[in-house]
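Since the structure comes first, as structure tokens, the remarks are kept for the end.
6 protein chains.
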Amino acid sequence: MTELTHLDKSGNARMVDVGAKSDTERLAIARGEVRIGQAALSLVREVKTVKGDVLAVARVAGIMAAKKTPDLIPLCHPIMLSSVEVDFTLEEWGIEIEARARTTGPKGVEM
Amino acid sequence: MTELTHLDKSGNARMVDVGAKSDTERLAIARGEVRIGQAALSLVREVKTVKGDVLAVARVAGIMAAKKTPDLIPLCHPIMLSSVEVDFTLEEWGIEIEARARTTGPKGVEM
Amino acid sequence: MTELTHLDKSGNARMVDVGAKSDTERLAIARGEVRIGQAALSLVREVKTVKGDVLAVARVAGIMAAKKTPDLIPLCHPIMLSSVEVDFTLEEWGIEIEARARTTGPKGVEM
Amino acid sequence: MTELTHLDKSGNARMVDVGAKSDTERLAIARGEVRIGQAALSLVREVKTVKGDVLAVARVAGIMAAKKTPDLIPLCHPIMLSSVEVDFTLEEWGIEIEARARTTGPKGVEM
Amino acid sequence: MTELTHLDKSGNARMVDVGAKSDTERLAIARGEVRIGQAALSLVREVKTVKGDVLAVARVAGIMAAKKTPDLIPLCHPIMLSSVEVDFTLEEWGIEIEARARTTGPKGVEM
Amino acid sequence: MTELTHLDKSGNARMVDVGAKSDTERLAIARGEVRIGQAALSLVREVKTVKGDVLAVARVAGIMAAKKTPDLIPLCHPIMLSSVEVDFTLEEWGIEIEARARTTGPKGVEM
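Chains W, X, B, P, F and V are the protein sequences, given in the same order. Throughout the first sequence, residue numbering follows numbering that gives the first Met the number 0, covering 0 to 110 in sequence. Throughout the second sequence, residue numbering follows numbering that gives the first Met the number 0, covering 0 to 110 in sequence. Throughout the third sequence, residue numbering follows numbering that gives the first Met the number 0, covering 0 to 110 in sequence. Throughout the fourth sequence, residue numbering follows numbering that gives the first Met the number 0, covering 0 to 110 in sequence. Throughout the fifth sequence, residue numbering follows numbering that gives the first Met the number 0, covering 0 to 110 in sequence. Throughout the sixth sequence, residue numbering follows numbering that gives the first Met the number 0, covering 0 to 110 in sequence.
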């Protein structure tokens, strides 16, 4: 890497021109971990197995936030997401999160 | 119908993958009725025939809200609307509303 | 009612001045019914009792939409909601929805 | 003026702290002119006197945009607008616009 | 020009149907001037040459606002921008701004 | 902790009622680290010392995202932020970020 593509030659921020790029299928996968105490984790587990909305709310939040990425990342292009999935795995130390977003277009979800 | 397509096999919400679907032209029509009292309805009528903004504001609100659908319906894909029209018909009992939204793409406005 | 308060004397839309009104506690309750076929309703019931996200997604959608009201209703003031609750009751004919929004301020959630 | 208040001492952008300021009533008035050709202006006039939505749409756009100011101006605080009015005057050379926004709070609409 | 295309035959606002239009490459260029006093202009100059964020914040604001155009202009279609650039030139009397937005699609950025 | 306050007794998500809470001053501080390779880090350093927008864009993104929190965190109340600051420290291994948000109100930025 010898330059930052989101800056022009004068160092000014810009939304990079993708007009000449052709459509390809793109997939981004992001993983994260939320480490929480045993008391809170027990509550999440318990609520999950019974009826509570804890992980459902978090999953919806993730899916809706994925659609808002161009509103949050200043130089990100508008993106037509073709699918978004958010998975949670309860571990001993907390919660593992994996999010997958797909699009077909001239710019990637991997930005 | 034997399954809810917006849930995966574990019952988790997801934005369904439409990456493999081809573009088709799609049209959604929704109708609704607003029943209001005679006094309010008279005011709407009167203002309409003179110069007031009552129905114009409502029409703009409907068109702008149509563009915000993916922000409001959590599992809805981003949609490139190609047209939106909102019609009002003043009836004796209130106002009949018909909204029509069109798109060409892999997912429908009918969701 | 002899006038529409959201129009000025010329019939022009405006966001009504509430600068001189004092803070009061306000509560709005809205009810609606979604009538759906037995097959779909059975799926909602089944998923609910097991682990699925159907009603949780709908509840989150309702709460987030409540916060977006000033973005959707053109002449609505910004509102500092102090609570939002959305309840679903599964009936034989479909789903009954009750939403309650509270605020303390110079303008109401009842607009 | 000897400094730009929206930069800290290192020149970094920040949302200025208004936590210690007390509430006052604030009013901002902005005026602008749209100069358009006679043909277009005649259409605006004609539609206005009959029934069309031209100026009503523009008025609603102005009111809704006022509510979105903190989304558009990066260092602007959230603002609880207490009123917004947008007036148009048709002149020979085009349209004069006056917008007035009011708020009561620790930061102004005049930013 | 003999009609306003964003109104239907009854003068009602609508989002014009572009479903039958084919994709073309489109470019919009807008220029504006901000006239400010010498004291403020000196501060902008000084901060710019050192390290401050003044013009960077303005540039980001312009790029993000370009993505929000369909949220601000009621009858504007959703647009997949392929690039946005915002340039500032410091003049004696203030700042000249040139913004360029590109898209490939059935409707233009020139609306 | 014996319960999750953002769920009601049936496990349903809700926006907790803060109507009875009085205003207090609240401050939230969050820290994070972005670990990036030496080549990218050198570019960030170099651009920073010359004139580029890298950290300015990131800072603006952080400030604007802070204002969007209620749009992103489903059960978060609307919050009137009184200040937001985002600081970056370039370290050998990457960038350390510290963000501080303040509000005066019945609910906290610490949610």
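All C-beta atoms, glycine included, are put in the ideal place defined by N, C-alpha and C. All values derive from a computational prediction rather than experimental measurement.
Any Cβ of chain B closer than 8 Å to the Cβ of T88 (chain P) would place that residue at the interface, and such an atom is absent.
Between R13 (chain B) and V83 (chain P) a beta carbon distance of about 7 Å is seen, short of the 8 Å cut, so the two are scored as contacting. Contact annotation: V17 (chain X) and K106 (chain X) have beta-carbon atoms nearer than 8 Å.
Residues of chain F whose Cβ lies closer than 8 Å to the Cβ of L80 (chain X) are, in chain order, M14, H76 and P77. In this structure, A100 (chain X) keeps its C-beta atom at 8 Å or more from the C-beta atom of L71 (chain X). By the CB criterion at 8 Å, R58 (chain B) and V85 (chain B) fall inside the cutoff.
Assigned with DSSP and collapsed to three states, M79 (chain P) falls in coil, not helix or strand.
A29 (chain B) and A98 (chain B) have their alpha carbons spaced roughly 5 Å apart.
Contact annotation for D70 (chain X) against chain P: no contact, minimum CB-CB distance about 13 Å [criterion: below 9 Å].
For A100 (chain W), the uninterrupted beta strand (DSSP E) segment begins and ends at G93 to G104. If only uninterrupted beta strand (DSSP E) runs of at least 3 residues are considered, those enclosed by the segment 5-46 of chain X are 23-34. In the DSSP assignment, the residues bridged to L89 (chain W) are W:I94. Nearest neighbour of G93 (chain F) by Cα position, chosen from F:D52, F:A64, F:A39 and F:P77, turns out to be F:A39. With distances taken between CA atoms, G31 (chain X) lies nearest to X:E95 out of X:T103, X:T102 and X:E95. Residues V15 of the same chain have their beta carbon placed closer than 7 Å to that of T4 (chain W), with the five preceding and five following residues left out of the count.
In summary, D52 (chain X) is buried, with 16 or more beta-carbon neighbours lying within 10 Å of its beta-carbon over all protein chains present. Taking 8 Å as the upper bound for CB-CB distance, T102 (chain W) and I78 (chain W) are in contact here, some 5 Å apart. Out of V:C75, V:P73, V:E45 and V:L74, the CA that lies nearest to the CA of L89 (chain V) is found in V:E45. Under a criterion of Cβ atoms nearer than 9 Å, no residue of chain B is adjacent to G107 (chain V); the nearest Cβ is some 14 Å distant.
Put simply, the CB of V33 (chain W) is far from chain F, with every gap to its CB atoms at 8 Å or more. Boundaries of the alpha helix (DSSP H) around K66 (chain B): V53 to K66. In this structure, the alpha-carbon of S41 (chain V) lies about 21 Å from that of A60 (chain V).
For the pair I62 (chain P) and P73 (chain B), the Cα-to-Cα distance works out to about 7 Å.
Rounded to whole angstroms, the separation of the alpha carbons of K20 (chain X) and D22 (chain W) is 15 Å. Taking 8 Å as the cut-off, the Cβ atoms of V56 (chain P) and A55 (chain X) count as close. Interface residue (Cβ-Cβ distance to chain X less than 8 Å): K66 (chain B) is not classified as such. Annotation: E91 (chain X) to L6 (chain V) spans about 45 Å, alpha carbon to alpha carbon. DSSP links E84 (chain B) through a beta bridge to B:R99.
In the structure shown, the three-state DSSP call for L71 (chain B) is helix.
Annotation: C75 (chain X) to T68 (chain X) spans about 7 Å, alpha carbon to alpha carbon.
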